[in-house]
Every structure is written in C-alpha cells, then in structure tokens.
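Its first residue numbered 51, the sequence shown is counted upward by one per residue in the working numbering. By construction, the Cβ of each residue, glycine as well, lies at the ideal position given by its N, Cα and C atoms. Shown next, in structure tokens, is the structure this report addresses.
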Amino acid sequence: MTFNLPKNVKLILDRLENAGFEAYCVGGCVRDTLMGLSPEDWDITTSALPEETRAIFSDFKTIDTGLKHGTLTVVIDKMPFEITTFRIDGDYDDNRHPKSINFTDKIANDLSRRDFTVNALAFNPATGIVDLFGGTTDIYNGIIKAVGDAHKRFNEDGLRIMRALRFASVLGFEIEKETSFAIHTNKELLKNISAERIAVELTKLLCGKNAFRILMDYADVFAVIIPEIKPAISFKQYGKKHAYDVWEHICHTVDTIPQDRILRLTMFLHDLGKVPTHKLNDKGDSTFKNHAAVGGEMAKEILTRLKFDKKTINRVSFLVGYHDFEPPETKTELKKHLKTKTPEDIRTLLVIKKSDRGALSESYRDISKETEQCLQWLREIEENNECCKISQLSVTGDDLLKKGYSGSDIGKALNDLLNAVIEGKVENTKTSLLTYQL
51 MTFNLPKNVK
61 LILDRLENAG
71 FEAYCVGGCV
81 RDTLMGLSPE
91 DWDITTSALP
101 EETRAIFSDF
111 KTIDTGLKHG
121 TLTVVIDKMP
131 FEITTFRIDG
141 DYDDNRHPKS
151 INFTDKIAND
161 LSRRDFTVNA
171 LAFNPATGIV
181 DLFGGTTDIY
191 NGIIKAVGDA
201 HKRFNEDGLR
211 IMRALRFASV
221 LGFEIEKETS
231 FAIHTNKELL
241 KNISAERIAV
251 ELTKLLCGKN
261 AFRILMDYAD
271 VFAVIIPEIK
281 PAISFKQYGK
291 KHAYDVWEHI
301 CHTVDTIPQD
311 RILRLTMFLH
321 DLGKVPTHKL
331 NDKGDSTFKN
341 HAAVGGEMAK
351 EILTRLKFDK
361 KTINRVSFLV
371 GYHDFEPPET
381 KTELKKHLKT
391 KTPEDIRTLL
401 VIKKSDRGAL
411 SESYRDISKE
421 TEQCLQWLRE
431 IEENNECCKI
441 SQLSVTGDDL
451 LKKGYSGSDI
461 GKALNDLLNA
471 VIEGKVENTK
481 TSLLTYQL
C-alpha cells in the first residue's frame with residue numbers, strides 16, 4: 051500500500067523528525083488509507099511535548115486545543131492539523147474521561163490505549179505501518195475488535211460502544227465476538243454519556259451501509275438510549291399485509307431509504323407510535339389508528355431529549371407525523387394536500403412511503419404507478435403555477451374586508467374560496483372570486 055501523504059502532513063512529519071522527535075500519522079487516517087478511502091482528517095502523534103511542538107511550528111498559527119491532553123493544533127494553509135504527544139491514560143472515573151494523562155516517548159504505549167485495532171495504527175514514510183494489535187488484518191477481514199480487554203475499553207469510555215456500532219455500520223464491518231459480548235454486557239454505560247455525543251454517533255451509524263444488521267443485532271443497546279424502542283422489539287403485527295414485527299419493519303425501512311440523515315432518522319423513529327396505538331379488529335388483524343401523529347410527537351420528544359438541533363427536530367417530527375401519507379388518487383386531492391405542504395414535502399413523503407411499503411408483505415409493496423402519477427401532477431402544478439394556497443388567490447383579506455367580511459370570517463372565506471378554486475368551481479380571477487357565492 052502506497053501512502054500518498056498530503057504535502058502539509060509530510061511537512062509536519064519532517065519538521066518533527068528533523069528536530070529529533072518521532073512522529074506518525076495515527077488512527078482513522080491510516081485506517082481509511084489502507085481501505086482505499088480519502089481521510090477527512092490527518093491526526094499526528096509525536097514524542098515531542100506540546101511546548102516543543104509549538105516551538106517547532108512557531109512560524110505558523112497554533113491553537114491550544116487541549117494542552118492538558120497533549121494536543122496542539124497547527125494551522126497550515128488555513129487547514130488545522132491536530133498534533134498530540136504520545137500518552138498513557140490514567141484511571142477513568144466517569145466512564146468517559148481519564149483522571150490523568152501521562153506523556154510517554156514510546157508509540158507502543160500510545161497505541162495500546164486506543165479503542166479498536168483498526169484505529170490503533172500509525173504510519174510514517176521511514177518506519178512504515180506500526181501495527182501492534184493486528185489492525186491491518188482486521189481491516190482486511192472487516193472486523194471491529196477492541197484493543198486488549200473489551201470490557202475494560204468500554205468501561206474506560208462508554209461512548210466507545212456507540213463508536214463500535216458506528217464503525218461497523220459505516221465501514222460495513224462485523225463486530226468480533228468478544229467485543230460484541232462486551233457491548234451487550236456494558237450497554238447501560240451509555241446512560242453516562244452526554245446526549246449530544248450519542249446523537250452524533252447515532253446519526254452517522256444510521257447513515258451507514260450496514261445499518262440494518264447493526265440495528266437488528268443490537269436492538270437492546272439502542273433501547274438504552276431510546277427506551278421507546280424496547281416495546282417495539284419483537285412486537286408482532288397481525289394481518290396479511292405485515293411481513294415483520296414492528297422493530298424489524300423499522301430496520302428494513304432504514305436500510306432501503308437513501309442514506310440521508312433526515313430520511314434515516316425519520317424511518318428509525320417512524321413506527322414507534324404503533325405500540326401505544328395497537329388494537330386488534332374483529333378479524334384479528336392489527337390496527338394502529340393515528341399512530342403516525344402519535345409517533346410524530348414521540349419523535350419530537352426523543353430528538354429533543356437527545357439535543358438535536360431545532361431544524362432537525364421539526365423536520366423529522368413532521369415527516370414521522372405524516373409518514374402514512376398515501377399517493378393521492380386525483381390531482382384535486384393532491385392540491386388539497388398542497389394547501390398545507392410544499393412540493394418538496396410531497397416528494398419526500400413519497401420516498402418515505404416507498405420505503406415503508408417496501409417493508410410490508412410482497413403483494414403490498416409496489417406503489418410505483420401511483421407515485422409516478424402523483425409526481426406528474428406535481429410537475430404540472432408547479433409548471434403552470436396552479437393555485438393551491440391562499441397566498442396564490444387573486445383576492446386578499448383586504449378585498450373581503452371591503453366586501454363586508456370581518457374577523458375570523460375573512461380567513462374562513464379565503465379557505466372556502468381556495469377549496470372552490472381547487473375543485474374547479476370558480477376561476478382564480480378577482481372578479482370571479484368576489485362574485486362567487488360562498
């Protein structure tokens with residue numbers, strides 16, 4: 051494997067080594083390069099102490115990113131590079147942060163404290179790859195394996211549980227048996243991790259290519275961070291249209307929808323409202339009346355608890371709340387949807403519906419004909435600027451005020467006029483609207 055180091059990474063390594071110190075690229079950038087991927091960041095580890103690193107790069111801007119942890123950021127050509135001193139972590143007292151940091155001059159000590167073998171890799175052009183724990187073999191075999199004792203690694207930092215699941219999902223790897231056992235055993239440690247960090251890892255995980263397998267195999271772990279998931283696991287759905295239990299259905303929809311964070315979060319949460327709304331009809335089939343609206347409120351509560359940003363919370367809870375949207379059977383019906391939704395909403399809900407229906411029994415899955423007809427009507431409406439909203443009416447509230455309407459009657463009249471236009475009962479012209487008998 052040839053490492054084509056960016057010129058500024060090579061500059062950093064050369065400067066540190068010319069000053070008499072060891073220096074390596076380390077972690078994810080080495081892993082990604084071995085996998086033929088382009089690293090997003092290049093982290094450097096060195097035997098130089100932070101103050102020595104600062105002196106070596108005194109002609110560049112430096113940022114004291116985390117000096118007590120040995121990290122100094124050097125900015126070269128407006129790009130930040132984190133340079134961290136080899137270190138040994140002390141004992142952990144909160145399942146997240148070491149109580150102390152000790153610097154060391156041995157790369158082996160630094161690599162031994164890292165989370166997974168695929169991340170415990172270092173490289174420089176002179177030495178080549180430093181691999182003390184079989185990380186290159188695990189990359190080749192597609193394995194996520196803890197460095198050393200998995201239980202110890204997770205008890206040191208509970209977030210590593212989510213990182214293991216995220217790496218397995220994103221990279222398409224399997225989790226090694228002992229590491230997997232330790233994840234299930236220590237899952238309660240996730241209760242000690244900040245909501246913000248959980249949210250970041252969860253989002254990346256959901257967008258991974260192996261998300262389905264991870265969601266299925268580690269449902270008990272996800273139920274720790276989102277307790278609303280637990281009742282959905284193995285919750286049977288009765289009736290000929292259902293192919294899976296609620297949780298497996300959810301997992302299939304996550305797998306089949308595009309790898310977009312909003313869409314994946316939507317499908318991850320979309321059917322949690324089924325359990326509290328479940329009833330059996332007189333045929334013994336499952337019904338879930340109003341489960342979408344209930345699920346929308348649940349999604350808002352969950353995402354708020356995990357401290358997602360407001361834009362994400364509002365968008366996902368909206369989509370979950372309307373995910374039961376069916377392609378309209380007529381153009382008029384579509385226009386009525388557009389009274390309260392945007393064309394983009396409709397397109398997104400159709401994508402969601404395709405994924406949702408795709409996880410039902412085979413005879414209920416294909417809605418391609420209905421979807422294409424809806425999209426065709428939508429294109430016509432947009433191209434012709436056909437009236438679907440009050441703001442598109444040729445009359446305004448002021449016009450109705452002059453005609454004698456007042457208060458809430460104005461809004462009601464505008465809505466009635468819009469319905470009349472949509473239904474083809476009156477033309478959208480000022481004269482026609484003002485003379486239309488409501």
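Anyone know if the C-beta pair for alanine 273 and aspartate 305 falls short of 8 angstroms? In this structure, alanine 273 lies away from aspartate 305, with their beta-carbon atoms at least 8 angstroms apart.
Note the first and the last residue of the continuous beta strand (DSSP E) segment covering asparagine 152. Run containing asparagine 152: 151 to 153, per the beta strand (DSSP E) assignment.
Between which two residues does the beta strand (DSSP E) harbouring glutamate 436 extend? For glutamate 436, there is no enclosing beta strand (DSSP E), since its DSSP letter is neither H nor E.
Enumerate in chain order the residues of its own chain whose CB-to-CB distance from threonine 337 is below 6 angstroms, with the five nearest sequence positions on each side excluded. Only residues of its own chain outside the window of five on either side were considered, and among them Lys329, Asn331 have a CB closer than 6 angstroms to the CB of threonine 337, listed in chain order.
For glutamine 487, does the count of other Cβ atoms within 10 angstroms reach 16, so buried, or fall short, so exposed? Answer is exposed; the Cβ neighbour count stays below 16.
Kindly list the residues whose CB is nearer than 8 angstroms to the CB of asparagine 478, restricted to its own chain and excluding five residues on each side of it in sequence; keep chain order. Within the same chain, asparagine 478 has close Cβ partners Cys437, Gln442, Leu443, Ser444, Val471.
Buried or exposed: where does glycine 225 fall if 16 or more other Cβ atoms within 10 Å of its Cβ makes it buried? Position check: residue 225 holds isoleucine in this sequence, whereas glycine was assumed. Burial call: buried.
Who are the Cβ neighbours of glutamate 102 in its own chain at under 8 angstroms, not counting the five residues just before and after it? For glutamate 102, where only same-chain residues beyond five positions count, the Cβ hits under 8 angstroms are Ala69, Phe71.
If you follow the alpha helix (DSSP H) that leucine 353 is in, where does it begin and where does it stop? Annotation: the continuous alpha helix (DSSP H) that includes leucine 353 extends over 341 to 355.
In chain order, which alpha helix (DSSP H) runs of at least 4 residues are fully inside the segment 402 to 478? Whole alpha helix (DSSP H) segments, 4+ residues: 418 to 433, 447 to 452, 458 to 472.
Who pairs with alanine 200 in a beta bridge, going by DSSP? The partner list for alanine 200 (beta bridge, DSSP) is empty, contrary to what the question assumes.
Looking at C-alpha atoms only, which residue of Asn205, Leu369, Ala218 is the closest neighbour of valine 237? According to the sequence as given, residue 237 is lysine; it is not valine. When Asn205, Leu369, Ala218 are compared, the shortest CA-CA separation from lysine 237 is found for Asn205.
Mind checking whether alanine 342 and leucine 319 have CB atoms under 8 angstroms apart? No, Cβ-Cβ distance for alanine 342 and leucine 319 is not below 8 angstroms.
Are the beta-carbon atoms belonging to phenylalanine 375 and lysine 403 less than 8 angstroms from one another? By the CB criterion at 8 angstroms, phenylalanine 375 and lysine 403 fall inside the cutoff.
Under three-state DSSP, which class holds threonine 83? Taken through DSSP and simplified to helix, strand or coil, threonine 83 comes out as helix.
Using a 10 Å radius around the Cβ and a threshold of 16 neighbouring Cβ atoms, would you call histidine 299 buried or exposed? Answer is buried; the Cβ neighbour count reaches 16.
Any contact between the segment 406 to 414 and the segment 444 to 457? By contact I mean 3 or more CB pairs, one from each, below 8 angstroms. Touching, no.
Alanine 105: buried (16+ other C-beta within 10 angstroms of its C-beta) or exposed? Exposed, since its Cβ has fewer than 16 Cβ neighbours within 10 Å.
How many angstroms separate the CA atom of leucine 369 from the CA atom of alanine 73? Approximately 49 angstroms between the Cα atoms of the pair.
For isoleucine 94, write down the residues that DSSP places opposite it in a beta bridge. For isoleucine 94, which the question treats as bridged, DSSP gives the partners Cys75, Ile133.
If you check the beta carbons only, do glycine 345 and tyrosine 288 fall under 8 angstroms apart? The Cβ-Cβ distance between glycine 345 and tyrosine 288 does not fall below 8 angstroms.
Can you tell me which of Tyr190, Phe285, Val197 puts its alpha carbon nearest to the alpha carbon of glycine 222? When the alpha-carbon of glycine 222 is set against those of Tyr190, Phe285, Val197, the nearest one is in Tyr190.
I need the straight-line Cα distance from lysine 360 to threonine 354, nearest angstrom please. So the alpha carbons of these two residues sit roughly 8 angstroms apart.
Along the chain, where does the alpha helix (DSSP H) that runs through valine 274 open and close? Counting along the chain, the unbroken alpha helix (DSSP H) around valine 274 starts and ends at 269 to 275.
Out of curiosity, what's the CA-to-CA distance linking arginine 137 and leucine 84? Between arginine 137 and leucine 84, the C-alpha separation is close to 24 angstroms.
Could you check how far apart the C-beta atoms of valine 59 and tryptophan 92 are, in whole angstroms? I think they sit under 8 angstroms. At roughly 5 angstroms, the Cβ-Cβ gap stays under 8 angstroms, so valine 59 and tryptophan 92 are in contact.
Using only CA atoms, which one of Thr382, Glu420, Lys202, Phe53 lies nearest to glycine 86? Looking at the Cα atoms, Phe53 is the closest of the given residues.
Strictly by DSSP, which residues pair up with glutamate 224? When beta bridges are read from the DSSP output, glutamate 224 appears opposite Ile193.
Leaving out five residues before and five after glycine 185 in sequence, what residues of the same chain have Cβ atoms less than 6 angstroms from its Cβ? Correct list, in chain order: Thr167, Val168, Ala170, Leu171.
Short of 7 angstroms in beta carbon distance, which residues of its chain neighbour aspartate 160, apart from the five on each side in sequence? Order them along the chain. Correct list, in chain order: Thr95, Phe136, Arg137, Thr154.
Can we say the segment 385 to 403 touches the segment 418 to 426, given the rule of at least three CB pairs closer than 8 angstroms? Taking 8 angstroms as the limit for Cβ pairs, the verdict is that the segment 418 to 426 does touch the segment 385 to 403.
Three-state secondary structure (DSSP) at lysine 237? In this structure, lysine 237 counts as helix in the three-state DSSP scheme.
Assigned secondary structure, serine 367 (DSSP; H/G/I helix, E/B strand, else coil): Here serine 367 sits in helix by DSSP.
Mapping DSSP to helix, strand and coil, what is serine 219? Three-state DSSP puts serine 219 in a helix.
How is the alpha helix (DSSP H) around leucine 483 delimited, first residue to last? Per DSSP, the unbroken alpha helix (DSSP H) holding leucine 483 starts and ends at 480 to 485.
Could you give the C-beta distance for phenylalanine 358 and alanine 249, rounded to a whole number, given that I count them as a contact under 8 angstroms? Here phenylalanine 358 really is in contact with alanine 249; their C-beta atoms are around 6 angstroms apart, less than 8 angstroms.
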